[in-house]
Amino acid sequence: MKITCAKDKLNYAVQAVQKAVAAKTPLPILTGIYLAAHNNKVELQATDYEIGISCTIDAAVHEPGEIVLSGKYFQEMVRRMPGDIVNIESSKEDRTIKITAGMSQFNLLSLPAEEFPVLRRPVGDNLLSVKDEVMRDLIRKTIFACSTDEARPIFTGGLLEADENGIRLVATNTHRLALKKASLESNVDSPVKMIIPAKILNELARVLNYEEPMNVSVYWLKNQVMFAFDDIYIISRLIEGQFPDYNKVIPASFNTVVKVNTRDFLAAVERVSLLAREGEYNVIKFNFANQTITITSNNPDIGKAFETVPGEISGNDIEIAFNARYVTDILKNIDSDDLYFSLNTPLSPALIKPVDDENYTYIITPVRTN
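Using numbering that gives the first Met the number 0, the letters of the sequence shown map in sequence onto residues 0 to 369.
In structure tokens:
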């Protein structure tokens, strides 16, 4: 193989695929980045068998071929190379690859390209088209609520649903639940319901950072999903299992409804949370009474914090406690100036949602305190 390409394009492609390079694996080939050069295009691929990412860029291909280079060293090299043009050439005598740019030259040992599990695009009729900004918003506003406990894998992903009513993404760790809905511009041929690992959704959101709007094509098979857009496609395994009926978790009515300014509320919660910490004392208390929200925290090893925020309170007075991080996580993702905090009893789930977005819902379970 012998190619010449722009450094910025090569760096872009390497950065796009590098998150799929396996860090710890008994298979050395999975620690590499695969390059295939044909027809003045170079396709880069990486996979750890859980996620696979491909990115294709333009290049001058003098000799077509395939190589696999160390993911760790190749990405660092490309990022630090001088000049604007990179040349990559494989040796026919041995398995070394010469990489030159400006006055710099590296000679890397390559891995056997024939051992790399080359990604193949799924073939099928299951296709969903979603605007990139819609997909980013769905992920950003829900995926933080996923569990990180691998013992319960079904909660480590987001449930993606699409039908004639639109598209929905749901995430939960059983202590909190985030639901975001959006409309679709095109009809869905057949309803879809699949659980996608949070890692893949986060990676998708990371690379969906284009200035020009575009569509994301979503393909799916029985146990696999693929996202394709521009010159990138991402393939992932789906999480198998039955996701709980999230509609049963959302209370039908509330005894107390509070309207409060999002920015002021977040700032106060973050300040009071400074004395809360992970573990037993990562709890803040809220008292809703007399058109005032009183927020307190008590850490016996450090001290106490107390702050009040004005709010419009309708219904019963109530005192309730929550995990501090669970509250700040949602407040950071509300774009509306004001939000509704709806409650029933000190031990029943509460609801937080933006005033001007009926399509965003967050359910949070309170903490029992002495």
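Where a beta carbon is used, it is the ideal one built from N, C-alpha and C, also for glycine.
Quick one: what does DSSP say Y232 is sitting in, helix, strand or coil?
-> Looking up residue 232 in the sequence shown gives position 233. Strand.
How should T255 be labelled, buried or exposed, when 16 other C-beta atoms within 10 angstroms of its C-beta is the threshold for buried?
-> Indexing the sequence shown from 1 puts residue 255 at position 256. Around the CB of T255, 16 or more other CB atoms lie within 10 Å, so the residue is classed as buried.
Under three-state DSSP, which class holds A58?
-> Against the sequence shown, residue 58 aligns to sequence position 59. Secondary structure at A58: coil, using DSSP grouped into helix, strand and coil.
Would you mind working out which of M225, K258, L350 and T368 sits nearest S53, comparing C-alpha positions?
-> Here residue 53 refers to the residue found at position 54 when the sequence shown is read from its first residue. For the options M225, K258, L350 and T368, the alpha carbon positioned closest to that of S53 is the one of M225.
Rounded separation between V187 and V133 - CA only | Residue mapping note: residue 187 aligns to position 188 of the sequence shown, counting from 1. Residue mapping note: residue 133 aligns to position 134 of the sequence shown, counting from 1. Those two C-alpha atoms are separated by around 16 Å.
Thinking C-beta only, is V259 closer than 9 Å to F321?
-> To locate residue 321, count along the sequence shown from 1; it is residue 322. To locate residue 259, count along the sequence shown from 1; it is residue 260. Their beta carbons are not under 9 Å apart, which means F321 does not touch V259 by this criterion.
In the DSSP assignment, find the alpha helix (DSSP H) that holds A267 and state where it starts and stops.
-> One-based indexing of the sequence shown puts residue 267 at position 268. If you look at A267, you'll find it in the alpha helix (DSSP H) that goes T261 to S272.
Evaluate contact between the stretch 11-31 and the stretch 44-51, counting only Cβ atoms and requiring at least three cross-stretch pairs below 8 Å.
-> Judged by Cβ distances under 8 Å, the stretch 11-31 makes contact with the stretch 44-51, as three or more pairs qualify.
Cβ-Cβ distance between S109 and M80 below 9 Å = Position 110 of the sequence shown, counting from 1, holds the residue named residue 109. Position 81 of the sequence shown, counting from 1, holds the residue named residue 80. Going by C-beta atoms, S109 is not nearer than 9 Å to M80.
My guess is that H228 and D131 are in contact by the Cβ rule of under 8 Å, so how many angstroms apart are they, rounded?
-> Here the question's residue 228 lines up with position 229 in the sequence shown. Here the question's residue 131 lines up with position 132 in the sequence shown. Looking at the sequence shown, residue 228 is not His but Phe. Between the beta-carbon of F228 and that of D131 there is about 7 Å, and that keeps the pair under the 8 Å contact cut.
Sub-9 Å separation of I56 and M76 beta-carbons | Your numbering for residue 56 matches position 57 in the sequence shown. Your numbering for residue 76 matches position 77 in the sequence shown. It is not a contact, given that the beta carbons lie outside the stated cut-off.
Alpha carbon to alpha carbon, how far is F73 from R135?
-> Residue 73 sits at position 74 when you count from the first residue of the sequence shown. Residue 135 sits at position 136 when you count from the first residue of the sequence shown. In this structure, the CA atom of F73 is about 29 Å from the CA atom of R135.
Which ranges does the beta strand (DSSP E) cover as unbroken runs of at least 3 residues, wholly within the stretch 280-359, from first to last along the chain?
-> DSSP runs (the beta strand (DSSP E)) wholly in the stretch 280-359: 282-288, 291-298, 302-309, 311-314, 317-322, 337-342 and 349-353.
Around the C-beta of M213, are 16 or more other C-beta atoms found within 10 angstroms, so that it is buried, or is it exposed?
-> On the sequence shown, residue 213 is found 214 positions in, with the first residue counted as 1. M213 comes out exposed.
Quick one: Cα of V257 to Cα of D356, how far?
-> Along the sequence shown, one-based indexing puts residue 257 at 258. Along the sequence shown, one-based indexing puts residue 356 at 357. The alpha-carbon atoms of V257 and D356 are separated by roughly 16 Å.
Take the Cβ of L346 as the centre, count every other Cβ of all protein chains shown within 10 Å, and call the residue buried at 16 or more, exposed below.
-> On the sequence shown, position 347 is the one that residue 346 refers to. When all chains shown are included, L346 counts as exposed.
In the DSSP assignment, find the beta strand (DSSP E) that holds Y218 and state where it starts and stops.
-> Here residue 218 refers to the residue found at position 219 when the sequence shown is read from its first residue. Unbroken beta strand (DSSP E) run through Y218: N214 to W219.
Taking C-beta to C-beta, are K1 and G64 nearer than 9 Å?
-> Residue numbering aside, residue 1 sits at position 2 when the sequence shown is read from its first letter. Residue numbering aside, residue 64 sits at position 65 when the sequence shown is read from its first letter. Cβ atoms of K1 and G64: closer than 9 Å.
Three or more C-beta pairs closer than 8 Å, one from the stretch 175-183 and one from the stretch 142-153: is that the case here?
-> Taking one beta carbon from each stretch, the stretch 175-183 and the stretch 142-153 have 3 or more pairs nearer than 8 Å; the two touch.
V20: first and last residue of the uninterrupted alpha helix (DSSP H) it sits in | Taking the sequence shown and counting its residues from 1, the one referred to as residue 20 is at position 21. Careful: V20 lies outside any alpha helix (DSSP H) and carries neither H nor E.
Do you know how far the Cα of Q17 is from the Cα of F105?
-> Reading the sequence shown from its first residue, position 106 is the one you call residue 105. Reading the sequence shown from its first residue, position 18 is the one you call residue 17. F105 and Q17: Cα-Cα distance of roughly 20 Å.
Alpha-carbon to alpha-carbon, P250 and L207 | Here residue 207 corresponds to residue number 208 of the sequence shown, with the count starting at 1. Here residue 250 corresponds to residue number 251 of the sequence shown, with the count starting at 1. If you take the alpha carbons of L207 and P250, they lie about 34 Å apart.
Give me the Cβ distance between P348 and V248, rounded to the nearest whole Å; I'm assuming they're in contact under 8 Å.
-> As a working note, residue 348 is residue 349 in the sequence shown. As a working note, residue 248 is residue 249 in the sequence shown. Rounded to the nearest angstrom, the Cβ distance from P348 to V248 is 7 Å, consistent with a contact under 8 Å.
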